[in-house]
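Asks: Mind having a look at this structure? Questions to follow.
Protein chains in written order, with this note's numbering: chain E, 2 to 243; chain V, 682 to 875.
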């Protein structure tokens with residue numbers, strides 16, 4: 002895997018810092034990064050510049066009551082346990098887009114773990130939902146990997162557009178370009194067996210899935226994408242209940 | 682007192698659940714967070730979802746913030762951007778007018794800029810804006826589309842009508858030049874101040 006030279010990595014570093022790399026290029030860059038301190042430093046500096054770009058975003062007045070809704074939401078979550086005692090957020094396949102430079106700066110141990118667990122075939126997300134929260138803000142995102150981090154599955158659950166149910170969306174970017182057809186299951190928070198909600202087809206290494214399910218986002222404990230045989234889990238995101 | 686506290690102190694109070702600190706933290710950053718989310722997803726309802734989730738994640742993971750590695754606003758906006766992009770990529774195609782995005786750095790300082798936006802723009806932002814303005818227009822556009830809107834090089838090539846390799850080169854060169862410019866500006870400021 003680690004076949005890139007420092008010069009080759011330097012050519013990819015800006016795109017890695019901006020989180021634009023995917024597939025084989027990303028995997029090769031990460032493999033090189035894990036063993037090259039000077040390139041890590043270079044990436045850190047580029048990532049800091051990339052972060053600074055965000056400061057140019059225009060400000061916008063949020064809807065009335067936004068502050069109260071955020072505080073209410075935090076109040077609901079606070080009832081569980083203090084943040085420092087909660088399940089680590091940054092596991093392989095964390096809910097936020099993963100960019101090595103940023104991850105290393107703020108959560109070094111977890112990034113190191115992510116890189117060292119390069120032999121893992123399935124990333125597991127532990128996020129949080131707010132089942133008691135009455136507001137519509139129940140967006141859940143997760144990014145999980147398979148095939149030694151060469152295949153990626155982005156998972157999002159958002160409230161349905163009509164306020165009913167939840168919309169579950171997936172995007173797969175797979176290392177292999179062979180056609181695949183994976184079952185997709187939703188794990189209900191109420192317990193019981195996961196429920197099949199459809200299949201995602203992968204063509205030329207890419208697949209997308211969009212399905213509205215008759216359950217609120219807060220009632221979804223997790224999403225699973227199974228191998229084609231339906232017996233083994235290929236990708237899994239779990240939203241741990243509060 | 683609370684309202685003038687440094688970002689890091691407010692974040693610490695926010696993480697502990699202190700009511701005053703939390704209120705101050707949200708009020709200080711909500712316009713930037715919501716503005717960035719709205720810029721990317723366009724839909725105000727989705728932008729609020731993203732913004733709320735960004736504040737929730739910042740609260741859960743405040744202990745991972747390292748002030749030596751970057752500012753609180755940059756950290757919070759990074760969380761926001763990533764959430765917005767994740768949501769948008771899977772929900773629908775890019776709704777943002779590239780022309781609007783590419784002009785963000787102009788909007789923020791132009792005569793029509795909102796006073797609050799100008800007030801929030803500190804020295805760092807002014808430096809950044811100047812460094813960005815020094816880039817050739819094609820590199821600047823590509824860099825903003827990629828860095829701020831999260832478009833991939835392929836998406837930039839499609840929206841700009843240029844070959845993929847050209848898009849990659851513009852993004853790469855733009856970011857590298859920006860980094861060098863910021864370093865030089867910092868160095869000059871330090872020499873001038875010393």
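Where a beta carbon is used, it is the ideal one built from N, C-alpha and C, also for glycine.
With 8 Å as the threshold, decide whether the Cβ of residue 26 (chain E) is near any Cβ in chain V.
Replies: No, residue 26 (chain E) lies away from the interface with chain V (no Cβ there is under 8 Å from its Cβ).
Asks: If we count Cβ pairs, one from each stretch, closer than 8 Å, do we get three or more for the stretch 195 to 204 of chain E versus the stretch 698 to 712 of chain V?
Replies: No: the two stretches stay apart, fewer than three of their Cβ pairs being nearer than 8 Å.
Asks: Which residues in the same chain as residue 743 (chain V) place their Cβ atom closer than 8 Å to its Cβ, once the five residues preceding and following it in sequence are excluded?
Replies: If we look at residue 743 (chain V) and ignore the five residues flanking it on each side, its Cβ neighbours are 692, 693, 695 and 696.
Asks: Counting C-beta neighbours from all protein chains within 10 Å, is the total for residue 43 (chain E) 16 or more, i.e. buried, or is it exposed?
Replies: Residue 43 (chain E) is buried by the Cβ-count criterion.
Asks: Measure the CB-CB distance between residue 72 (chain E) and residue 834 (chain V) and report whether it falls below 8 Å.
Replies: No.
Asks: Give the DSSP-derived three-state secondary structure of residue 228 (chain E) in the structure shown.
Replies: Residue state, collapsed to three classes: coil.
Asks: I need the boundaries of the alpha helix (DSSP H) containing residue 837 (chain V), first residue and last residue.
Replies: Where residue 837 (chain V) is concerned, the enclosing alpha helix (DSSP H) stretches over 834 to 841.
Asks: Note down, in chain order, every chain V residue with its Cβ under 7 Å from the Cβ of residue 166 (chain E).
Replies: Near residue 166 (chain E) there are no residues of chain V at all, since even the closest Cβ is about 15 Å away, more than 7 Å.
Asks: Is it buried or exposed, residue 4 (chain E), if we count other Cβ atoms within 10 angstroms and call 16 or more buried?
Replies: Burial call: exposed.
Asks: The beta strand (DSSP E) with residue 154 (chain E) in it runs from where to where?
Replies: That run of the beta strand (DSSP E) goes 152 to 160.
Asks: Among E:151, E:159 and E:6, which residue has its Cα nearest to the Cα of residue 251 (chain E)?
Replies: An answer regarding residue 251 (chain E) cannot be provided, because it is not within the stretch 2 to 243 covered by chain E.
Asks: What are the uninterrupted segments assigned as alpha helix (DSSP H) that are 4 or more residues long and contained completely in the stretch 696 to 765 of chain V, given in chain order?
Replies: Runs found: 700 to 722 and 725 to 741.
Asks: Nearest-angstrom Cα distance between residue 53 (chain E) and residue 230 (chain E)?
Replies: Using only the alpha carbons, I get a separation of about 46 Å.
Asks: Can you pull out the residues from the stretch 722 to 735 of chain V whose beta carbon lies closer than 9 Å to at least one beta carbon of chain E?
Replies: Taking 9 Å as the Cβ-Cβ cut-off against chain E, the residues of the stretch 722 to 735 of chain V that qualify are 725, 726, 727, 728, 729, 730, 731, 732, 733 and 734.
Asks: Using the beta-carbon count (16 or more within 10 Å), is residue 165 (chain E) buried or exposed?
Replies: When all chains shown are included, residue 165 (chain E) counts as exposed.
Asks: Please check if any C-beta of chain E sits within less than 8 Å of the C-beta of residue 709 (chain V).
Replies: No, its Cβ sits nowhere closer than 8 Å to a Cβ of chain E.
Asks: Looking at the C-beta of residue 142 (chain E), does it have a partner C-beta in chain V at a distance below 8 Å?
Replies: Yes - at least one Cβ of chain V is within 8 Å of the one on residue 142 (chain E).
Asks: Check whether chain E comes within 8 Å of residue 817 (chain V), counting only Cβ atoms and requiring the distance to be less than that.
Replies: No - not a single Cβ of chain E is within 8 Å of the one on residue 817 (chain V).
Asks: Excluding the 5 residues flanking residue 182 (chain E) on each side, which residues of the same chain have their C-beta closer than 7 Å to its C-beta?
Replies: Excluding residues within five positions, the ones whose Cβ falls inside 7 Å are 200, 202 and 229.
Asks: Hey, out of E:45, E:11 and E:212, whose CA is closest to residue 29 (chain E)'s CA?
Replies: When each option's Cα is compared against that of residue 29 (chain E), the closest is E:11.
Asks: Which bits of chain E does residue 754 (chain V) rub up against, with CB to CB less than 9 Å?
Replies: Ordered by position in chain E, the residues that pass the 9 Å Cβ test against residue 754 (chain V) are 55 and 56.
Asks: Secondary structure at residue 815 (chain V), three-state DSSP: helix, strand or coil?
Replies: The answer is coil: DSSP assigns residue 815 (chain V) none of H, G, I, E or B.
Asks: Going along the stretch 9 to 23 of chain E in order, which residues come within less than 8 Å of chain V, judged by CB to CB distance?
Replies: Against chain V - using a Cβ distance shorter than 8 Å - the residues of the stretch 9 to 23 of chain E are 12, 15, 16, 18, 19, 20, 21 and 23.
Asks: Determine which residues of the stretch 31 to 57 of chain E have a Cβ less than 9 Å from any Cβ of chain V, and write them out in chain order.
Replies: Hits within the stretch, in order: 45, 46, 47, 48, 49, 50, 51, 52, 53, 54, 55, 56 and 57.
Asks: Measure from the alpha carbon of residue 218 (chain E) to the alpha carbon of each residue in E:168, E:37, E:186 and E:185, then state which is nearest.
Replies: When only C-alpha atoms are compared, the closest one is E:168.
Asks: Applying a beta-carbon distance threshold of less than 7 Å, which residues of chain V neighbour residue 71 (chain E)?
Replies: Chain V residues near residue 71 (chain E): 707, 733 and 736.
Asks: Can you pull the chain E residues whose beta carbon is under 8 Å from the beta carbon of residue 882 (chain V), in chain order?
Replies: The shown model of chain V, from 682 to 875, leaves out residue 882 (chain V), and the question about it has no answer.
Asks: So, with DSSP's three-state summary, where would you put residue 144 (chain E)?
Replies: Strand.
Asks: Under 8 Å between the Cβ atoms of residue 734 (chain V) and residue 764 (chain V)?
Replies: Going by C-beta atoms, residue 734 (chain V) is nearer than 8 Å to residue 764 (chain V).
Asks: Give me the chain V residues within the contact set of residue 74 (chain E), using Cβ-Cβ distance strictly less than 7 Å, ordered along the chain.
Replies: Those within 7 Å of residue 74 (chain E) in chain V are 733 and 737.
Asks: Output, in chain order, the set of chain V residues within a Cβ distance shorter than 7 Å of residue 61 (chain E).
Replies: Per Cβ cutoff of 7 Å: 712, 715, 716 and 719.
Asks: The beta strand (DSSP E) that contains residue 182 (chain E), what's its start and end?
Replies: From DSSP, the beta strand (DSSP E) with residue 182 (chain E) extends over 181 to 189.
Asks: Flag residue 226 (chain E) as yes if its beta-carbon sits less than 8 Å from any beta-carbon of chain V, otherwise no.
Replies: Output row for residue 226 (chain E): interface = no.
Asks: Per DSSP, which residues does residue 168 (chain E) bridge with? Please list them.
Replies: The partner list for residue 168 (chain E) (beta bridge, DSSP) reads E:159 and E:213.
Asks: Compile a chain-ordered list of the residues in the stretch 168 to 194 of chain E whose CB is closer than 9 Å to at least one CB of chain V.
Replies: Of all residues in the stretch 168 to 194 of chain E, 168, 170, 171 and 172 have a Cβ within less than 9 Å of some Cβ in chain V.
Asks: Taking Cβ to Cβ, would you say residue 222 (chain E) is nearer than 8 Å to residue 240 (chain E)?
Replies: Closer than 8 Å, so yes.
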